[in-house]
Ligand SMILES: C[S@@+](CC[C@H](N)C(=O)[O-])C[C@H]1O[C@@H](n2cnc3c(N)ncnc32)[C@H](O)[C@@H]1O
């Protein structure tokens, strides 16, 4: 399978661990929608507390891919964007922050940003830095965009921007899958630090998420959580103990088919998918 987006390195290991028959796939921490766009299910509900990606998807779903591409290319020309033109990138970022917040501005900024990552500060200003020498809108990006549009226009997807605790799970049943890919408590991400215009992630969030999964389990709904049990010598002890009730799938190649307990002294990142099915 060719993955849409494709920046999310664990997708090839993750997707085969999902059940083959999913009616509604709840992607509760949807982020860049890598999982939403690649999962095999009848319906997708994408949720993320941050609205930027879903706003973009809402704007372009149903649009013609060539027209969208033309808009992006026009911006690349207007701002003379290239792998080396920092001024062009910064001018575009300024214009975006001054109110020109169309989806094509957001997408094109992301293409030229460091690591192609979007990042916002507390004032909700786009503040990713320029991806000098690396980031651009290449032919490969163009081909990926066409595939992405094709997929977006052909799946039944809806969007929410809620805290994970506020999503309504009461209709989720045994045919559905609720997937959680939260910020990882012991490894850092832009979205963990509470300085991005929304509250950060702490141990109480982890506890609330574990309690929510227990509730889903009691109501007979399948769930799956991506997380990190160990990272650079730190362990998420609460999660390790809680996860023993469920099935733990180790995603790092180094830990496949081997006993985590026997290897827990190794100073590595231990990424897992915890499931109740
Ligand atoms: C590990 S990332 C998810 C990556 C995603 N699977 C992808 O394909 O890009 C975690 C996401 O959780 C979101 N998030 C953080 N706190 C949240 C909360 N309380 N409720 C819902 N989403 C939250 C962040 O905005 C971030 O996009």
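In this note's numbering, the protein residues as written are 40 to 316.
Every residue, glycine too, gets a C-beta built ideally from N, C-alpha and C.
Quick caveat, the model's predicted, so the values are computed rather than measured.
Checklist entry - Quick one, which of 238, 239, 264 has its alpha-carbon nearest residue 250's? => result Position 211 of the chain shown, counting from 1, holds the residue named residue 250. Checking every option, the nearest Cα to that of residue 250 belongs to 264.
Checklist entry - Taking C-beta to C-beta, are residue 137 and residue 175 nearer than 8 Å? => result The sequence position of residue 137 within the chain shown is 98, counting from 1. The sequence position of residue 175 within the chain shown is 136, counting from 1. For residue 137 and residue 175, no; Cβs fall outside 8 Å.
Checklist entry - What span of residues does the alpha helix (DSSP H) with residue 91 cover, start to end? => result The residue you call residue 91 lines up with position 52 of the chain shown. Counting along the chain, the alpha helix (DSSP H) containing residue 91 begins and ends at 91-99.
Checklist entry - So, is residue 81 buried or exposed, given that buried needs 16 or more other C-beta atoms within 10 angstroms? => result As a working note, residue 81 is residue 42 in the chain shown. By the neighbour-count rule (16 or more Cβ atoms within 10 Å), residue 81 is not buried but exposed.
Checklist entry - Taking the alpha-carbon positions, what's the residue 132 to residue 165 distance? => result As a first step, residue 132 is located in the chain shown; it is residue number 93 there, counting from the start. As a first step, residue 165 is located in the chain shown; it is residue number 126 there, counting from the start. The straight-line gap from Cα to Cα measures roughly 7 Å.
Checklist entry - In this structure, does DSSP put residue 297 in helix, strand or coil? => result Here residue 297 refers to the residue found at position 258 when the chain shown is read from its first residue. At residue 297 the pLDDT is 42, less than 50, meaning the model places this residue with poor confidence and gives no usable figure here.
Item to check | Cβ pair residue 350, residue 54 closer than 8 Å | outcome: With the chain represented from 40 up to 316, any question about residue 350 goes unanswered, as that position is not in the structure.
Next on the checklist: Pairs of beta-carbons, one from the stretch 177-194 and one from the stretch 210-220, closer than 8 Å: are there three or more?
Outcome noted: no
Checklist entry - How is residue 152 classed by DSSP in three states: helix, strand or coil? => result Translated into the one-based positions of the chain shown, residue 152 becomes position 113. Residue state, collapsed to three classes: strand.
Item to check | Whether residue 314 touches residue 288 by CB criterion (8 Å) | outcome: Along the chain shown, one-based indexing puts residue 314 at 275. Along the chain shown, one-based indexing puts residue 288 at 249. Their beta carbons are under 8 Å apart, which means residue 314 touches residue 288 by this criterion.
Item to check | Buried or exposed (CB count within 10 angstroms, at least 16 for buried), residue 297 | outcome: Counted from its first residue, the chain shown places residue 297 at position 258. In this prediction, residue 297 scores a pLDDT of 42, lower than 50, which makes its location untrustworthy; the coordinate-derived value is nonetheless stated afterwards. Exposed, since its Cβ has fewer than 16 Cβ neighbours within 10 Å.
Checklist entry - What residues are listed by DSSP as bridge partners for residue 197? => result Taking the chain shown and counting its residues from 1, one reaches residue 197 at position 158. According to DSSP, which records beta bridges pairwise, residue 197 is partnered with 84.
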